[in-house]
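Here the structure comes first, spelled out in structure tokens, and everything after it is commentary.
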Amino acid sequence: MEMVISILAAAVRSGTPILFATLGEIIIEKSGILNLGLEGIMLIGALTGFSVSLASGNPWLGIIAAFILGAFITLIHGFISITLKGNQVVSGLAMTIFGTGVSSLIGKAFIGKTIPGLLKTPFPVLNRIPFIGPIFFNHDLMVYFSFFLVVFLSWFLISTRIGLNLRAVGDSPRAADAMGLNVNRIRYLAVLIGGGIVALGGAYLSVAYNKMWTESMTAGRGWIAVALVIFAIWNPTRAALGAYLFGGVEAFQLRLQATGTSIPTPLLLMLPYLLTISVLIFISIGKGKGILFGAPASLGQPYFREESD
Amino acid sequence: MSIYFRINKRTSSSWLLSVFLPFISVLLALIGGSIFLAFLKVSPIQAYRGMFQTAFGDWYGISETIVKAIPLILSGIAVTLAFKATVWNIGAAGQIFLGALATTAAVRYFYVDNRGIMLVIMFLFAGIAGGGWAAIAGYLKARWNVNETITTLMLNYIAIHLADYFIYGPWKDPDSLGFPMTAPFPEAARLPQFAGTRIHYGLFIAIFFAILFWFIFRYTRWGYEIRVIGENPKAAQYAGIYYLRYIVLIMFISGAIAGIAGMGEVSGLQGRLQHGFTAEFGFTAIIVAWLARLNPISVMLVSFLIGALQVGGESLQILMRLPIASTLVLQGLILFFVLGGEFFRNYRIRFIRGDER
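Protein sequence lines correspond, in order, to chains A and B. Per my numbering: the first sequence = residues 875 to 1183. Per my numbering: the second sequence = residues 3 to 359.
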């Protein structure tokens, strides 16, 4: 029992960076913009979070800085996708390449340094609930913030006027435009805020999870998040489910390595990626049967407003 | 009185812009990159001059640039083929790994002491392995519409760990003093190199494929059908093009070419499979393909330029102690500027004074 609880608690912790990235991407994709640059944005978030925490001695300043810089970096992708109507797939890849490069270039000075980082803060009262408490409420504040974000976004996307507008812009920009919505402005806002939240995922890795910076430390988590958005059918609650599933695989694999299993490490390291593919197949088969909804209808398509002469 | 501007789609693309866009993009990227260099207190002019001199300053530099260009051409063609059909194969890196693994397997288990025969065996192994790896994603896409961007990428990570498994495990050279690498290939399993350089005969394979696909795209029905699939998959189906088979086939061939790039690296260049064998150029191939506007002949030219950028980047690492990933910054910027620049090729912007409205 102890063992199960500790693995599940570790699953929540290692799932949190992926969860932030997935939630951020859901916001962006809901507006109709496909952003494949998560890996790069997360790396920039991770480096910003770490370096600012190190310099200021305050992890929260690092996390806030990561949000701001992440938002602005994603704006490059937004500008190319929204204003310049460029190819969103390639622009996202450029973002990944750029973010990987910039973070290793600037991050070189920070390799080998450590920070105290975010400390564990048991959630009062709730942490004493048996089973649930130690799994979900014995973490740092960013984990609780991610819970809040899941609940908030679920409500925001479905039940608020702005959420409705966001979905309208992603589903049918032309209709949204006719309704009097400013398509480009809403898309830019989604890119800014979503990008910032994606960067929080990176910052969580460096400030709370590893408490240090290493080159390319995201190790594909950004891409896993892209897959999770599809798995979650753009639904924040399902995103949490998926992120913890992946966190669980990571925790399980680390535990297995520590016990000195005879399975070679490289094969264990494949697990999350194999799982991603399996999950995608599973989801896509369901989609073929018409189970999928929630996908923004105009995802990845630039909106061109023809003006009549 | 204020000035407004209107954006209209261009009816015909400007020839002049198409030619100059890549050059302007590279130039702007270099300027953008200089901001980062200045941030690190490195003189951009000195850095770029160093890069240029290393890549083009002498015959050795040029030969090294060609060495880098060989796998870029091959994987660039691989990506071009897939992108033409709007199949987002971004897993060239994984397919390269599989090609390298299969080449090594051929040397280990099917060794023939005759260079000609051995090279053909390795070529087939690398092609089938890289192609098969990519075809997994192709089949999933065609059968259940599984997003190929993600599957090809996940297959990259799996391939890297698979290679590690063999390099650290069953294939590790017992005489390597613990270094994670396979035993060196025997002479018959090496692609020959030009005397005095590291340029290997993979160059001929690369040029052959570039010309072959240029011809296919331009003159054959098959090349035409790939374009139709890319532009409008539904119309392709109505026109009787069998989508499923095509996607799998395109992915297979795309992956096969990338796999052969992997063979060139282990058989022509390194002579063994070792840890740290990177297929980073699998990503760079995307930049190459896009910069070349999916034209196989341009892929050769662009590969040479990007190869020079990489050779120059390595000099930054040695001379200025910058991490090798610095060139990624430039590559990302180039791609951003190319994408941004395409706007000016596709759209016409007219400025109009307020009172004309």
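For each residue, glycine too, the CB sits at the ideal point set by N, CA and C. The model shown is predicted, which means the values in this text are computed figures rather than measured ones.
Inset, instruction - Could you name the residues of chain B that A:I1155 contacts, counting a contact when the two beta carbons are closer than 8 Å? - result: Mapped onto the first sequence, residue 1155 of chain A falls at position 281. Neighbours of A:I1155 on chain B, chain order: L142, W146 and V148.
Inset, instruction - For B:D166, go through chain A and note every residue whose CB falls closer than 7 Å to its CB, in chain order. - result: Counting from 1 along the second sequence, the entry for residue 166 of chain B is found at position 164. Per Cβ cutoff of 7 Å: P1140.
Legend entry - chain B contact for A:L979 (CB, 8 Å cutoff): What you label residue 979 of chain A is simply residue 105 of the first sequence in a count that begins at 1. In terms of beta-carbon proximity, A:L979 lines the interface with chain B, with at least one pair separated by less than 8 Å.
Inset, instruction - Sort A:A1073, A:A1082, A:L979 and A:N1084 by Cα distance to B:P325 and report the nearest one. - result: For this step, residue 325 of chain B is matched to residue 323 along the second sequence. Just measuring C-alpha positions, the residue of A:A1073, A:A1082, A:L979 and A:N1084 sitting nearest B:P325 is A:L979.
Inset, instruction - Name the two residues that bound the continuous alpha helix (DSSP H) containing B:N348. - result: If you number the second sequence from 1, residue 348 of chain B lands on position 346. Counted as a single uninterrupted DSSP element, the alpha helix (DSSP H) harbouring B:N348 occupies residues S328 to N348.
Inset, instruction - Could you please give the first and the last residue of the uninterrupted alpha helix (DSSP H) stretch that includes B:W146? - result: Start at 1 with the first residue of the second sequence, and residue 146 of chain B comes out as number 144. It spans R117 to W146 - the alpha helix (DSSP H) in which B:W146 sits, taken as one unbroken run.
Inset, instruction - Within its chain, find whatever has a CB closer than 7 Å to the CB of A:H1013; leave out the 5 residues flanking it on each side and keep chain order. - result: For this step, residue 1013 of chain A is matched to residue 139 along the first sequence. Counting only Cβ-Cβ distances below 7 Å, and skipping sequence neighbours, we find V886, R887 and K994.
Legend entry - Span separating the alpha-carbon of A:V1017 from that of B:A84: Taking the first residue of the first sequence as 1, we reach residue 1017 of chain A at position 143. Taking the first residue of the second sequence as 1, we reach residue 84 of chain B at position 82. Each residue's alpha carbon lies about 41 Å from the other.
Legend entry - Cβ of A:A968 within 8 Å of any chain B Cβ: Within the first sequence, numbered from 1, the residue matching residue 968 of chain A stands at position 94. For A:A968, the answer is yes, since a Cβ of chain B falls inside 8 Å of its Cβ.
Inset, instruction - Could you tell me which chain A residues have their CB closer than 7 Å to the CB of B:W292, listed as they occur along the chain? - result: To locate residue 292 of chain B, count along the second sequence from 1; it is residue 290. Within chain A, the C-beta atoms nearer than 7 Å to that of B:W292 come from V964, in chain order.
Inset, instruction - Determine the direct distance from the alpha carbon of B:I130 to that of B:P188, and round the result to whole angstroms. - result: Your numbering for residue 188 of chain B matches position 186 in the second sequence. Your numbering for residue 130 of chain B matches position 128 in the second sequence. One C-alpha to the other measures close to 22 Å.
Legend entry - Exposed unless 16 or more other CB atoms sit within 10 angstroms - verdict on B:A237: Indexing the second sequence from 1 puts residue 237 of chain B at position 235. Residue burial is scored here from C-beta neighbours: B:A237 has fewer than 16 other C-beta atoms within 10 angstroms and is therefore classed as exposed.
Inset, instruction - Scan the stretch 908-920 of chain A for residues whose Cβ lies nearer than 8 Å to a Cβ of chain B and list them as they occur along the chain. - result: Listed by position along the chain: L910 and G914.
Legend entry - Cβ-Cβ distance between B:L341 and A:A1064 below 8 Å: Taking the second sequence and counting its residues from 1, one reaches residue 341 of chain B at position 339. Taking the first sequence and counting its residues from 1, one reaches residue 1064 of chain A at position 190. Contact: no.
Inset, instruction - Could you tell me whether the Cβ atoms of B:I207 and B:G266 are closer together than 8 Å? - result: One-based indexing of the second sequence puts residue 207 of chain B at position 205. One-based indexing of the second sequence puts residue 266 of chain B at position 264. Contact: yes.
Legend entry - One or two residues paired with A:M1144 in a DSSP bridge: Position 270 of the first sequence, counted from the first residue, corresponds to residue 1144 of chain A. In the DSSP assignment, A:M1144 is bridged to no other residue.
Legend entry - Residue burial classification, A:G931 (beta-carbon count within 10 angstroms, cutoff 16): Stepping through the first sequence from its first residue, residue 931 of chain A is reached at position 57. When all chains shown are included, A:G931 counts as exposed.
Inset, instruction - For B:P298, count neighbouring C-beta atoms within 10 Å of its own C-beta (all shown protein chains included) and say buried if the count is 16 or more, exposed if not. - result: Residue 298 of chain B sits at position 296 when you count from the first residue of the second sequence. Buried: at least 16 other Cβ atoms inside 10 Å.
Legend entry - A:V1072 versus A:F984: straight-line alpha-carbon distance, rounded: Indexing the first sequence from 1 puts residue 1072 of chain A at position 198. Indexing the first sequence from 1 puts residue 984 of chain A at position 110. Going from the Cα of A:V1072 to the Cα of A:F984 covers about 22 Å.
Inset, instruction - In the DSSP assignment, find the unbroken alpha helix (DSSP H) run with A:M969 in it and report its ends. - result: Here residue 969 of chain A refers to the residue found at position 95 when the first sequence is read from its first residue. Note, A:M969: alpha helix (DSSP H), Q962 to G981.
Inset, instruction - Determine, using beta carbons only, whether B:G52 and B:L318 come nearer to each other than 8 Å. - result: Along the second sequence, read from residue 1 onward, the residue named residue 52 of chain B stands at position 50. Along the second sequence, read from residue 1 onward, the residue named residue 318 of chain B stands at position 316. Between B:G52 and B:L318, the CB-CB gap stays under 8 Å.
Inset, instruction - Would you please state the rounded distance, in angstroms, between the beta carbons of A:L837 and A:A1101? I believe it to be under 8 Å. - result: Here chain A comprises residues numbered 875 to 1183, so residue 837 of chain A is not present and cannot be evaluated.
Inset, instruction - Could you tell me which uninterrupted alpha helix (DSSP H) segments, each at least 4 residues in length, are contained entirely in the stretch 1061-1125 of chain A, listed from first to last along the chain? - result: Counting only runs of 4 or more, we get 1095-1105.
Inset, instruction - For A:F972, decide whether its Cβ has a neighbour in chain B, counting only Cβ atoms nearer than 8 Å. - result: Walking along the first sequence from the start, residue 972 of chain A turns up at place 98. Put simply, the CB of A:F972 is near chain B, with a gap under 8 Å to one of its CB atoms.
Inset, instruction - Specify the secondary structure class of B:Q55 as computed by DSSP and reduced to three states. - result: For the purposes of this step, residue 55 of chain B is identified with residue 53 of the second sequence, where counting begins at 1. Note: B:Q55 maps to helix in three-state DSSP.
Legend entry - A:G1075 versus A:T1111 - alpha carbon distance: Taking the first sequence and counting its residues from 1, the one referred to as residue 1075 of chain A is at position 201. Taking the first sequence and counting its residues from 1, the one referred to as residue 1111 of chain A is at position 237. The alpha-carbon atoms of A:G1075 and A:T1111 are separated by roughly 17 Å.
Legend entry - For B:S65, the nearest candidate out of B:Y50, B:P186, B:F338 and B:R200 (CA to CA): Sequence index remark: in the second sequence, residue 65 of chain B carries index 63 (1-based). If we check each option's Cα against that of B:S65, B:R200 comes out closest.
Legend entry - Contained alpha helix (DSSP H) runs [length at least 4] in the stretch 44-94 of chain B, N- to C-terminal order: The stretch 44-94 of chain B contains, as complete alpha helix (DSSP H) runs of 4+ residues, the segments 46-58 and 61-86 (chain order).
Legend entry - Short CB-CB distance (under 8 Å) between B:L330 and chain A: Counting from one through the second sequence, the residue named residue 330 of chain B turns up at place 328. Taking 8 Å as the threshold, the shortest C-beta distance from B:L330 to chain A falls below it.
Legend entry - Residues that DSSP places opposite B:Q276 in a beta bridge: Taking the first residue of the second sequence as position 1, residue 276 of chain B is located at position 274. B:Q276 is bridged to B:M183.
Legend entry - chain A within 8 Å of B:A327, Cβ atoms only: The residue labelled residue 327 of chain B in the question sits at position 325 within the second sequence. At a cut-off of 8 Å, the C-beta of B:A327 has a neighbouring C-beta in chain A.
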